[in-house]
Amino acid sequence: MAKKTSKNLVIVESPAKAKTIAKFLGRNYKVEASMGHVIDLPKSKLGIDLENDFEPNYITIRGKGKTLNKLRKAAKKSKEVYLATDPDREGEAISWHLSHALKLSEAENNRIEFNEITKNAIKNAIKNPRTIDKNLVDAQQARRLLDRLVGYRLSPLLWKKVRKGLSAGRVQSVAVKIICAREEEIRNFDEEEYWSLEVTLQKDKENLKADLYRIDNKKYKLENQAAVNEIIAEIKGQDFEIIKVKKRKRRRNPKAPFTTSTLQQRASSLLNFSAKKTMYLAQQLYEGIDVGSSGTVGLISYIRTDSTRLSEEAKAGAHDHILENYGEKFLRSSKRKSKNNKNAQDAHEAIRPTDTERTPARIKSFLSEDQYKLYDLIWKRFVASQMSSALYESISAQFLVADKYKFRVSGSRLLFPGHLILTGKEKEDEIDLPKLKEGDIYNLTETNPEQHFTTPPPRYSEASLVKTLEEEGIGRPSTYAPTLSTIVSRDYVKKEGKYLKPTELGETVTELLSEYFPDVTDVEFTAGLEKQLDEIENGSEEWKKVLRDFYEPFFERLENARENMEKIQIVEETDEVCEKCGSPMVVKYGRYGKFLACSSYPECKNTKPYLVKTGVDCPDCEDGEIIERTTKKGRTFYGCSNYPDCNFMVWNKPVKKPCPDCGSLMVEKTTKAKGKHYKCTNKECGHIEKAD
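Position one of the sequence shown corresponds to residue 1 (the UniProt record's numbering), numbered consecutively onward.
Following this line, the structure appears as structure tokens:
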């Protein structure tokens with residue numbers, strides 16, 4: 001029998017976290033990492049005993065044997081064992097599996113949790129161990145088995161009926177359907193013409209612009225230019241009299257601190273980070289960064305949360321910082337309450353800095369550029385949430401002309417910046433107006449009619465899709481980033497700039513699943529399952545009953561689909577011609593992704609790599625063409641087809657149009673300030689123009 005030591009063993013999930021925590025606990029503690037899950041369902045088979053009431057068949061994950069043996073040896077030698085995996089369902093399940101593998105008693109208080117990786121949080125967690133929460137474990141088991149049943153039953157069906165390598169998932173299939181439904185809306189959209197009318201008015205050499213607001217006190221729709229010209233003819237030479245002036249004070253409250261989804265949305269729109277990149281960087285900030293004299297410390301609280309709640313300690317830290325740096329007037333009113341998402345589990349705090357005094361500027365030198373950008377976003381959002389509202393004075397005036405037409409002008413003036421002193425005004429522009437009073441008469445100096453066309457709803461971006469999934473109650477904070485990565489990697493969806501567009505494959509698979517498995521792609525049904533998982537966590541629902549209720553109708557639909565679902569051949573034709581027989585080349589899918597194959601197979605077995613061409617000649621060699629390529633980490637760039645003989649590359653997509661000033665290659669870029677535009681790659685030129 002192994003000799004016990006005086007040391008205590010703490011098991012966390014990642015080496016980075018282990019390194020940070022070890023510095024806080026000192027020599028009486030040994031901190032080891034499980035490297036995530038060590039026990040799971042087998043990859044090679046379903047791993048669920050359907051004849052024995054969905055009993056899972058857990059095994060040690062391949063490659064994790066050494067890790068588990070190391071943990072067993074350390075546990076036998078240790079005085080106490082503490083399971084310190086993440087504070088969520090997944091973390092609870094990992095601790096439960098470790099407990100069984102290390103032969104720890106379920107009745108023992110050996111589970112510790114913390115919302116941030118700081119010295120105080122870790123010390124307090126060690127002082128307050130608890131037993132493993134079996135309800136949390138059961139909720140995770142139910143989710144895991146539901147996902148396995150859907151994935152391992154539907155994926156082989158899709159391989160047989162559509163194409164090998166496809167997958168279906170409980171959350172991903174709904175996400176793809178949402179994207180496909182939006183694409184259908186766009187396709188079916190019929191644009192309509194409408195017109196607006198802006199006028200320039202003058203009084204005492206002061207000008208202002210006003211918009212047509214009402215006709216005969218009713219909302220209106222100007223469908224063509226003739227209707228606008230008729231109005232212009234009636235108002236020319238007429239007095240514009242102010243009949244109503246309205247002044248009011250308006251507050252603009254700060255936004256709540258970040259949840260997982262709002263962080264992903266904001267990082268996407270402001271920093272152009274993908275959900276995957278945002279979570280990767282956030283994980284680094286959470287697990288610990290060496291910040292000089294303070295050593296390695298977790299900079300932000302736990303990153304998988306759907307709550308905007310804050311601890312009193314965190315609020316106090318923000319209060320002190322605001323008071324010291326901005327003054328009492330900038331402190332948040334205690335009367336204002338935050339609204340939480342109706343689907344929020346509220347198990348954790350919002351994402352916030354672990355120490356408010358650790359400002360972005362103070363630790364910038366210790367962070368990478370992207371880490372700094374994300375930390376700055378999180379820190380400012382948190383501090384601003386505890387600041388006072390911005391106060392505006394809004395003024396609006398209505399003009400009456402020809403006893404029939406009402407025009408309106410409005411503006412605002414910032415009286416007190418409140419939280420905007422930290423976060424900036426964003427889109428809230430101030431519009432100064434001259435002094436306006438009822439009875440004043442203005443003269444018409446200019447008319448500006450403008451033609452418009454109604455536009456279809458935009459395609460989803462990663463940010464807007466995450467927002468929709470959260471609002472509909474689909475998935476949970478930990479699922480958004482992997483879901484987005486999966487639907488793109490499976491070629492169900494492709495990214496065009498920031499936007500997600502379904503492929504023919506994605507629409508075909510969605511159509512099949514919607515026909516034969518309507519529940520799997522139904523938003524309300526999937527959201528209902530999420531609520532049932534929450535009820536399992538709360539102890540008000542039995543987890544195997546949820547599985548039984550789901551699987552019985554699912555199995556019937558599965559048998560029907562196996563018999564009746566038609567086999568579909570998706571052929572992607574290309575402009576390429578087979579150099580061996582002259583037949584057109586088609587896109588096929590293999591173990592390593594897309595490739596081109598001769599359409600005359602099996603008579604002709606010619607194949608070649610699949611290249612995404614841009615149609616732009618390489619500027620560095622005579623016969624090269626710029627093609628889309630991918631780095632080892634999956635980042636898209638554009639390089640010469642003659643690589644490695646030619647090393648030309650650019651990160652942005654090249655355009656066929658050469659620079660009008662110097663003739664150099666131009667690339668397509670999109671920024672918040674300039675929108676979509678073309679930029680010359682010649683740094684000495686720097687020409688920029690609006691994209692077509």
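We put the CB at the ideal spot given by N, CA and C, even for glycine.
Asked	Found
Check each candidate in Met-279, Arg-358, Leu-68, Phe-453 and name the one with the smallest Cα separation from Asp-190.	Phe-453
Quick check: Thr-508 and Ile-570, are their CB atoms within less than 8 Å of each other?	yes
What residues are listed by DSSP as bridge partners for Cys-598?	Met-585
Would you decide whether His-100 is buried or exposed? Buried here means 16 or more other CB atoms lie within 10 Å of its CB.	exposed
Roughly how many angstroms separate the alpha carbons of Ala-18 and Lys-30, rounded to a whole number?	9 Å
Assuming Val-383 and Ala-318 make a contact with CB atoms under 8 Å, what is their CB distance in whole Å?	5 Å
May I ask you to report which of helix, strand or coil DSSP gives His-37?	coil
Is the stretch 177-187 in contact with the stretch 485-504, if contact means three or more CB pairs nearer than 8 Å?	yes
Tell me Tyr-499's beta-bridge partners as DSSP assigns them.	Ser-461, Glu-496
Taking all protein chains shown into account, do 16 or more other C-beta atoms lie within 10 angstroms of the C-beta of Gln-345, making it buried, or fewer, making it exposed?	Residue confidence is low: Gln-345 scores 48 on pLDDT, short of 50, so the model does not pin down where it sits. No coordinate-derived value is stated.
Give the secondary structure of Ala-168 by DSSP, where H, G and I count as helix, E and B as strand, and everything else as coil.	coil
For the stretch 245-282, list the alpha helix (DSSP H) runs that are entirely contained and at least 4 residues long, ordered along the chain.	260-271
Measuring straight from C-alpha to C-alpha, what distance separates Leu-9 and Val-81?	5 Å
Going by beta carbon distance, what residues of the same chain come within less than 6 Å of Ser-268, once the five residues before and after it are set aside?	Glu-462, Ala-463
Buried or exposed: Asp-239, going by 16 or more other Cβ atoms within 10 Å of its Cβ?	exposed
To the nearest angstrom, how far is the alpha carbon of Asp-623 from that of Asp-617?	8 Å
How about Ser-389 and Arg-248: do their beta carbons lie closer than 8 Å?	no
Helix, strand or coil for Gly-298? Go by DSSP, reduced to three states.	coil
If we ignore side chains and look at the alpha-carbon of each, how far apart do Asn-652 and Ile-627 end up?	11 Å
Helix, strand or coil: which one does DSSP assign to Glu-324?	helix
Do Glu-438 and Ile-235 have their CB atoms nearer than 8 Å?	no
For Leu-46, collect the residues of the same chain with a Cβ closer than 6 Å to its Cβ; drop the 5 residues on either side in sequence, then sort them by chain order.	Tyr-152
Please report the straight-line C-alpha distance between Ala-233 and Ser-410, rounded to a whole angstrom.	25 Å
Can you pull the DSSP bridge partners for Phe-637?	Arg-629
Whole angstroms is fine: what's the gap from Asn-343's alpha carbon to Ile-568's?	Per-residue confidence for Asn-343 stands at a pLDDT of 48, beneath the threshold of 50, marking its modelled position as unreliable; the derived number appears in the next sentence. Going by the C-alpha atoms only, they are around 38 Å apart.
Under the three-state reduction of DSSP, which class applies to Gln-386: helix, strand or coil?	coil
Within a Cβ cutoff of 6 Å, which residues of the same chain sit near His-687, ignoring the five residues on either side of it in sequence?	Cys-659, Asp-661, Cys-680
Tell me the rounded alpha-carbon separation between Ile-54 and Pro-42.	First, the amino acid is wrong: residue 54 is Phe here, not Ile. Their backbone Cα atoms lie some 15 Å apart in a straight line.
On the three-state DSSP scale, how would you describe Trp-543?	helix
Tell me whether the beta-carbon of Glu-116 lies closer than 8 Å to the beta-carbon of Thr-354.	yes
Can you name, in chain order, every residue of its own chain whose Cβ lies under 8 Å from the Cβ of Glu-566, other than the five neighbours on each side?	Lys-161
Tell me which residues share the same chain as Thr-445 and place their Cβ nearer than 6 Å to its Cβ, disregarding the 5 neighbours each side in the sequence.	Thr-200, Gln-202
Since Ile-132 and Ser-95 should fall inside the 8 Å C-beta cutoff, what is the C-beta to C-beta distance between them, to a whole number of angstroms?	6 Å
With 16 as the cutoff for other CB atoms within 10 Å, does Ile-351 come out buried or exposed?	buried
The alpha helix (DSSP H) that contains Pro-156, what's its start and end?	134-161
Can you tell me whether residue 708 is buried or exposed? The criterion is at least 16 other CB atoms within 10 Å of its CB, across all chains shown.	One cannot answer for residue 708 here, as it falls past the ends of the chain, which runs 1 to 692.
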